[in-house]
Amino acid sequence: MPLEFFLLLAAALFCIGIYGLITSRNAVRVLMSVELLLNSVNINLVAFSNFLDRQNINGQVFTVFVITVAAAEAAVGLAIILAIYRNRDTVDMEQFNLLKW
Amino acid sequence: MDLATFPWLTTIILFPLVAAAAIPLIPDPKGQGRPIRWYSLVIGLIDFALIVYTFSTQYDLSSSELQLVEVYNWIPQLGLQWSLGADGLSMPLILLTGFVTTLAILAAWPVTLKPRLFYFLVLAMYGGQIAVFAVQDMLVFFLVWELELLPVYLLLAIWGGYKRQYAATKFILYTAGSSLFILVAALAMAFYGDTITFDMRALGLKEFSLSFELLVYGGLLIAYAVKLPIVPLHTWLPDAHGEATAPVHMLLAGILLKMGGYALIRMNAEMLPQAHALFAPALVILGVVNIIYAALTSFAQRNLKRKIAYSSISHMGFVLIGIASFTDLGLSGAVLQMVSHGLIGASLFFLVGATYDRTHTLILEEMGGVGQKMPKIFAMFTACSMASLALPGMSGFVAELMVFVGFATSDAYSLAFRIIVVFLAAVGVILTPIYLLSMLREIFYGAENKDLTSHEALIDAEPREVFIIACLLVPIIGIGLYPKIITQIYDAKTAQLTLRMRGAVPSLAQAPVPMGSSPAGMTTHFYQAPQL
Amino acid sequence: MDVANLASQLNAGAILPEGAVILTLMVVLIGELALGRASAARWTPYVAIAGLLLSVGLLCLQWDLTPTLSFLGSFNADKLSIVLRSIIALSTLVTILMSIRYVEQAGSSIGEFMTILLSATVGGMFLCGAEELTMIFVSLETLSIASYLLTGYMKRDPRSNEAALKYLLIGAASSAVFLYGLSLLYGLSGGETHLSAIANALAQGTNHLGLLIALVFVIAGISFKIAAVPFHQWTPDVYEGAPTPVVAFLSVGSKAAGFALAIRLLTQAFPAVVEQWQFIFTALAILSMVLGNVVAIAQTSMKRMLAYSSIGQAGFVMIGFVIGTEAGYASMIFYLLIYLFMNLGAFTCIILFALRTGTDQISEYAGLYQKDPLLTLALSLCLLSLGGIPPLAGFFGKIYLFWAGWQAGAYGLVILGLVTSVISIYYYIRVVKMMVVKEPQEMSDVVLNYPAINWTPLGMRPLQVGLFVTLIATSIAGILSNPLFTLVNNAVVEVPHLQTANAAKTPMAILPTTTPELPAPLVSNSDSTAL
Chain A
1 MPLEFFLLLA
11 AALFCIGIYG
21 LITSRNAVRV
31 LMSVELLLNS
41 VNINLVAFSN
51 FLDRQNINGQ
61 VFTVFVITVA
71 AAEAAVGLAI
81 ILAIYRNRDT
91 VDMEQFNLLK
101 W
Chain B
1 MDLATFPWLT
11 TIILFPLVAA
21 AAIPLIPDPK
31 GQGRPIRWYS
41 LVIGLIDFAL
51 IVYTFSTQYD
61 LSSSELQLVE
71 VYNWIPQLGL
81 QWSLGADGLS
91 MPLILLTGFV
101 TTLAILAAWP
111 VTLKPRLFYF
121 LVLAMYGGQI
131 AVFAVQDMLV
141 FFLVWELELL
151 PVYLLLAIWG
161 GYKRQYAATK
171 FILYTAGSSL
181 FILVAALAMA
191 FYGDTITFDM
201 RALGLKEFSL
211 SFELLVYGGL
221 LIAYAVKLPI
231 VPLHTWLPDA
241 HGEATAPVHM
251 LLAGILLKMG
261 GYALIRMNAE
271 MLPQAHALFA
281 PALVILGVVN
291 IIYAALTSFA
301 QRNLKRKIAY
311 SSISHMGFVL
321 IGIASFTDLG
331 LSGAVLQMVS
341 HGLIGASLFF
351 LVGATYDRTH
361 TLILEEMGGV
371 GQKMPKIFAM
381 FTACSMASLA
391 LPGMSGFVAE
401 LMVFVGFATS
411 DAYSLAFRII
421 VVFLAAVGVI
431 LTPIYLLSML
441 REIFYGAENK
451 DLTSHEALID
461 AEPREVFIIA
471 CLLVPIIGIG
481 LYPKIITQIY
491 DAKTAQLTLR
501 MRGAVPSLAQ
511 APVPMGSSPA
521 GMTTHFYQAP
531 QL
Chain C
1 MDVANLASQL
11 NAGAILPEGA
21 VILTLMVVLI
31 GELALGRASA
41 ARWTPYVAIA
51 GLLLSVGLLC
61 LQWDLTPTLS
71 FLGSFNADKL
81 SIVLRSIIAL
91 STLVTILMSI
101 RYVEQAGSSI
111 GEFMTILLSA
121 TVGGMFLCGA
131 EELTMIFVSL
141 ETLSIASYLL
151 TGYMKRDPRS
161 NEAALKYLLI
171 GAASSAVFLY
181 GLSLLYGLSG
191 GETHLSAIAN
201 ALAQGTNHLG
211 LLIALVFVIA
221 GISFKIAAVP
231 FHQWTPDVYE
241 GAPTPVVAFL
251 SVGSKAAGFA
261 LAIRLLTQAF
271 PAVVEQWQFI
281 FTALAILSMV
291 LGNVVAIAQT
301 SMKRMLAYSS
311 IGQAGFVMIG
321 FVIGTEAGYA
331 SMIFYLLIYL
341 FMNLGAFTCI
351 ILFALRTGTD
361 QISEYAGLYQ
371 KDPLLTLALS
381 LCLLSLGGIP
391 PLAGFFGKIY
401 LFWAGWQAGA
411 YGLVILGLVT
421 SVISIYYYIR
431 VVKMMVVKEP
441 QEMSDVVLNY
451 PAINWTPLGM
461 RPLQVGLFVT
471 LIATSIAGIL
481 SNPLFTLVNN
491 AVVEVPHLQT
501 ANAAKTPMAI
511 LPTTTPELPA
521 PLVSNSDSTA
531 L
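Protein chains in written order, with the UniProt record's numbering: chain A, 1 to 101; chain B, 1 to 532; chain C, 1 to 531.
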């Protein structure tokens, strides 16, 4: 399979992630979209690593780091969402309007 | 201590600034600011004494060169130097600054609102203004020019009249906006050519292309036109002067406006002679517009402070004509007019303040007939108005006459142009006595306003006020009778400067300076003054 | 390869300053767990301060060492990184000074706050020296995640929650975009992750389109961190909702880290498209200066005003970045250094005011001069310095930026910078006017009921120290800025990729000290050695 296929898959996943980011009203769904973005990056990295960098596999190492950091980010994100749910009883993005843009 | 190499100018500039920083530490048990007042006055006197001492012992009258030069590297990475010096252009204005500021501190005796802040700002301005006249580095010049911004803003905004905040904001926006041009011009000139330098003399030696000079000249003209002020950009001044309190007024009229005139000569005329040659007719026309427009507007003002403010603008027109005359005499007159107006403006504004303290109104209609109750103020007001309307024997007359004669004998303009300009400026000169005298009539003679004249606050001048006016009138009359006391300071400089300016005009480059137009010749001719 | 050999190859000494911060972090964390919150509140901040001072001291010691790549080329401890790391450590230091009382009064645990703040610092400091993609990503995320937590630290305050959520979602999205750019860079360079290796690999390639796409993604991520318009949307909200000390850290420390990242990544990995990224950053600088300074005029809340003002300030800093000359980078770092003191000084003042009165509305400052002259003086000086009024430090910072900009021929940018800084004077002076000019009868209610000035409660002394340190630095760092200029110039001169970025633009010579006897010798362009 050529490299382009993987890149296209990653790009598609990235676009879906962006779409979800923009349209979701639920904060948890926004968080999931961010995870989607990170996973598209992971596909990219692994694909590049496999095709271009078989010696050092830097990309795959990078992916491990990305997964770890994504987990941390998700944990913090969920914690914040939990805190806001306790205070406001909602996770709807439209309701968060105490601070005006 | 070696007197010749002692950093006199740095000391003179930094002394009030350092002294100002100590003001918060002065004990003031009663909260009326009495110790602070005395402290500031003493500082002002010491600094003025330093200036006079430096002038009389370290300054060579016959030289046209920069003296008392001090150069220290400040930030070598930027080419920024703390470089000071005084020549014929700076020295009279430095003396004026020391004199007027010290008197302004004395004039501020009744100020009891936030005295610490007030005297802090006045002393900060003291040092800053002297620095403007002494600094020889473009970037540092911009720095000290901007340094004035905040003290003046606060002095206007806190101690001013009813609309003071509007006036102060207008002042700061005009000045800050216009000073951008100074920085841009400084950067443009510094980076022109192969070398980077902000030193004014080195910049004067750079060979700029004509179009570049014109651009820079235009930018600087806008910056200084706001300060001087020149007519379309003058609108901050009546507001600021209309709202300021008397001592601040003295500083504004006495010194601040002179910064514009000084910088116009120092930079536009001296460093950009080619552009000056082309811009000079425009300066003359602007000067005439200044004189006539401001005089006519002054007529219509019913507010005493605004009336005098417009008369200030009118007088500044002569400075412009003098700068553009291309004669020794005209330029000399311009500098003299700045010094003279510094004294006259300060005295008039002080008297306006003194009158306001008693009548609590500035509207002419509400005054009238107060002359009987306040004969001393009346007398002093009359004397200062006479000086302002250029009565012979007073400094204003000499200065304006020098500008007139200098311009009329100038060989740079066609005869018709000269006649028209002199005629129009003369109309302005005739308007001045009319509005000033009618102002005096409305305040002091006329139908008595019973409410006002019966008021017990309407007392005559106290000794302090008489003393201040006496201090100001002595040099005014002194210069009027014997102008050489001032002109000798800068004769050498203006002569050299005129030659440089003429050198840039092709038709004048080879021609001799018109005969009979040197200030020395004229003063002896008109006054038969005894030689010292 | 034995362990000792490996250790010597790693050059682990280069990260001693970070090590000091990490050690402090552990001590604070474990100490609080072991001894309990109540006792920890009394000593953890001071331990953190001591640790940061130690870290700054170690950075100073490293100044004269020859810069070496450590950790197999992942971390570069050159002078540039030392200056930037010091800026971040100092900003944390001042932030801690101002936060002790704030956190105490809010009733939260100070030990945890210190721990998270120190983690953010570690992330920022590593980011300044990171030369490898994984390293960049991990340190950036350390900084970011800690910042999200700090923003939401007041967990019972819905505004703080909301700010944290917005910051987290936008931040996570932008770092994902940034990461996507990095992954493309990794692919385009044929599997390299070290910045210099990437630059070498890209120099041979001709795939400009791919590189440009990567560039756009990377710039989007960086712009988010430095809050450049149009990636600034989060700034006002986060600044308003987050605890004020955190805002102070975000506006200085986090921003400095963002600029550090920009300098390293863009100049080192993208020399092939230098014109493009300079063009994009020019646009960002223009937008930031204009929008930041214009919108700030309309703000009524002090924190929001400072948020927009910091956007504008970032625009000024970007002038130094886009012109790409040595003086440009030096002026940019110089400005960051000055900005550290003046901005943190301003934040210290508004924290102090908020602690005493509980508000941050600009109109509530009316007449403060009568009640608290010291606070008025400090806030006025810091704001005026931000506005660039001489002789305060900010004036010199701006002059240097504009000087460098003019030298590089960026006339339009410089003039726009000047115009917008005049606009900024207007809104800064509005606050000064509010405090100083208002008459006693125009005083706001909170100022009328202003409490007696009392420096004794827990945490007030450090706040006072922070106030004085920033105040003194803001007042005199400009006039006595010569050593600072030397410092930043040295920091930039020895970084090779900052020179190669713009080899074409040769600087002109500065005329040496003119002697009283003119004409001074004009130094010609050819034998230029200055700068």
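We put the beta carbon where it would ideally sit given N, CA and C, even for glycine.
Buried is the label assigned to residue 101 of chain B, since at least 16 other Cβ atoms lie within 10 Å of its Cβ. If you check each beta-carbon in the segment 420 to 433 of chain C against every beta-carbon of chain B, the ones closer than 9 Å belong to 421, 422, 425, 426, 429, 430, 432 and 433. The beta carbon of residue 5 of chain A does not come within 8 Å of any beta carbon belonging to chain C, so the residue lies off that interface. For residue 259 of chain C, the closest C-alpha among the options C:236, C:440 and C:218 is that of C:218. Ranked by Cα distance from residue 329 of chain B, the first of B:145, B:254 and B:488 is B:488.
Using a Cβ-Cβ distance cut-off of 8 Å, the segment 357 to 369 of chain B and the segment 440 to 451 of chain B are in contact, since at least three pairs of beta carbons, one from each stretch, lie closer than that value.
If you draw a straight line from the Cα of residue 48 of chain A to the Cα of residue 156 of chain C, it is about 45 Å long. DSSP places residue 472 of chain C in the uninterrupted alpha helix (DSSP H) bounded by 460 to 476.
With 16 or more neighbouring CB atoms inside 10 Å of its own CB, residue 241 of chain B falls in the buried class. If you draw a 10 Å sphere on the C-beta of residue 338 of chain B, you find 16 or more other C-beta atoms in it, and that means buried.
About 39 Å separates the Cβ atoms of residue 322 of chain C and residue 359 of chain C, ruling out a contact at the 8 Å cut-off. Within the DSSP secondary-structure output, residue 70 of chain C pairs in a beta bridge with C:75. Going by C-alpha positions, residue 148 of chain B is about 22 Å away from residue 347 of chain B. Taking 8 Å as the CB threshold, residue 489 of chain C lines the interface with chain B. With fewer than 16 other beta carbons inside 10 angstroms of its own, residue 510 of chain B counts as exposed. In the DSSP assignment, residue 77 of chain A falls within the unbroken alpha helix (DSSP H) covering 58 to 88. Closest option to residue 258 of chain B, judged by alpha-carbon separation, among B:22, B:224 and B:273: B:224. Comparing C-alpha distances from residue 118 of chain C to each of C:130, C:134, C:131 and C:144 shows the shortest one belongs to C:144.
The continuous beta strand (DSSP E) containing residue 69 of chain B extends over residues 67 to 75. Counted as a single uninterrupted DSSP element, the stretch harbouring residue 82 of chain B is not any alpha helix (DSSP H) but the beta strand (DSSP E) occupying residues 80 to 86. Each residue's CA atom was taken as its position, placing residue 413 of chain C and residue 148 of chain C some 34 Å apart. Within the model, the alpha-carbon separation for residue 66 of chain B versus residue 60 of chain B is close to 10 Å. Taken atom to atom, the span from the alpha-carbon of residue 456 of chain C to that of residue 40 of chain C is near 19 Å. Under the three-state reduction of DSSP, residue 419 of chain B is assigned to helix.
Flagged as an interface residue toward chain A: residue 138 of chain C, by a C-beta distance shorter than 8 Å. Counting only residues of its own chain and dropping the five nearest sequence neighbours on each side, residue 106 of chain C has a CB closer than 8 Å to the CB of 154 and 243. Identification of residues in the segment 146 to 168 of chain B having a C-beta nearer than 9 Å to some C-beta of chain C yields 146, 147, 149, 150, 153, 154, 157, 158, 164, 165 and 168, given in sequence order. In this structure the segment 273 to 287 of chain B lies against the segment 311 to 331 of chain B, because at least three pairs of beta carbons, one per stretch, are closer than 8 Å.
In this structure, the beta-carbon distance from residue 87 of chain C to residue 287 of chain C does not fall below 8 Å. Looking at the backbone, the Cα of residue 197 of chain B and that of residue 316 of chain C are separated by about 24 Å. Annotation for residue 27 of chain C: 47 place their beta carbon closer than 7 Å to its own, counting only its chain and skipping 5 residues before and after.
Ranked by Cα distance from residue 10 of chain C, the options C:168, C:223 and C:70 are led by C:70. Residues of chain A whose Cβ lies closer than 7 Å to the Cβ of residue 190 of chain C are, in chain order, 52.
According to the DSSP assignment, residue 302 of chain B belongs to no alpha helix (DSSP H), since it is labelled neither H nor E. Residue 368 of chain C and residue 428 of chain C have their C-alpha atoms spaced approximately 16 Å apart.
Between residue 94 of chain B and residue 51 of chain B, the C-beta gap is smaller than 8 Å, which places the two residues in contact.
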